[in-house]
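My numbering applies: residue 3 is where the sequence shown begins, and numbers increase by one.
Just so you know, even glycine gets a beta-carbon here, dropped at the ideal spot from N, CA and C.
Predicted, not measured: the structure shown is a model, and the values here were computed from it.
As structure tokens, the structure follows; a few thoughts come after it.
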Amino acid sequence: GEQGAERVVRVVLAAGVVQCYEGEQGAERLVREELASGEVQHYEGGRGAERFVRREFADGEVQHYEGERGAVRLVRLELADGKVQHFEGEKGVERVVRAEFPGGNVQHYEGEKGA
Numbered sequence: 003g004e005q006g007a008e009r010v011v012r013v014v015l016a017a018g019v020v021q022c023y024e025g026e027q028g029a030e031r032l033v034r035e036e037l038a039s040g041e042v043q044h045y046e047g048g049r050g051a052e053r054f055v056r057r058e059f060a061d062g063e064v065q066h067y068e069g070e071r072g073a074v075r076l077v078r079l080e081l082a083d084g085k086v087q088h089f090e091g092e093k094g095v096e097r098v099v100r101a102e103f104p105g106g107n108v109q110h111y112e113g114e115k116g117a
């Protein structure tokens, strides 16, 4: 950017983590972290209020999260084989409520996690 208007767009940490930022100078917010394992984590929200919304793994698995910062919960899991699982419940006690299979079959589940 212009002199005096520089902003952070990328930070490389010693552990091999790459953090990517968006926003104007002084309001940069974390939008993505690329881990050495190949995992990519995505964030939404303003500076200081970023929340975790998606995790992509090298094997093709994608996890989707919803909720406020500090209370994000898993809501959907997409597996590399095309299976999609939907979850309900608070952080840490999410449970599968529906599974969709590549062939079109759908399974519905009831009950608490571990019950």
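Go through its chain and collect everything with a Cβ distance to Glu24's Cβ below 8 Å, but skip five positions before and after it. Residue numbering aside, residue 24 sits at position 22 when the sequence shown is read from its first letter. Here the set comprises Val11, Glu30, Arg31, Val33.
Using 10 angstroms around the beta-carbon of Gln27, count the other beta-carbons present and answer buried if the total reaches 16, otherwise exposed. Sequence index remark: in the sequence shown, residue 27 carries index 25 (1-based). Exposed is the call here.
If I'm right that Glu102 touches Lys85 with Cβ under 8 Å, what's the distance once you round it to whole angstroms? Sequence index remark: in the sequence shown, residue 102 carries index 100 (1-based). Sequence index remark: in the sequence shown, residue 85 carries index 83 (1-based). Glu102 to Lys85, Cβ: 7 Å. Contact.
Look at the Cβ atom of Leu76, then the Cβ atom of Phe59, and state whether they are nearer than 8 Å. Against the sequence shown, residue 76 aligns to sequence position 74. Against the sequence shown, residue 59 aligns to sequence position 57. Taking 8 Å as the cut-off, the Cβ atoms of Leu76 and Phe59 do not count as close.
Let me check one thing: in DSSP terms, what residues is Ala101 bridge-paired to? Counting from one through the sequence shown, the residue named residue 101 turns up at place 99. DSSP lists Gln87, Gln109 as partners of Ala101.
Buried or exposed for Gln5, going by 16 or more other Cβ atoms inside 10 Å? Along the sequence shown, one-based indexing puts residue 5 at 3. Counting Cβ neighbours within 10 Å, Gln5 comes out exposed, since fewer than 16 surround it.
For the ligand FAD, I want to know if Glu96 counts as a neighbour, meaning its beta carbon is within less than 7 Å of at least one of the ligand's heavy atoms. No copy of the ligand FAD appears in this structure; indeed no ligand is present at all.
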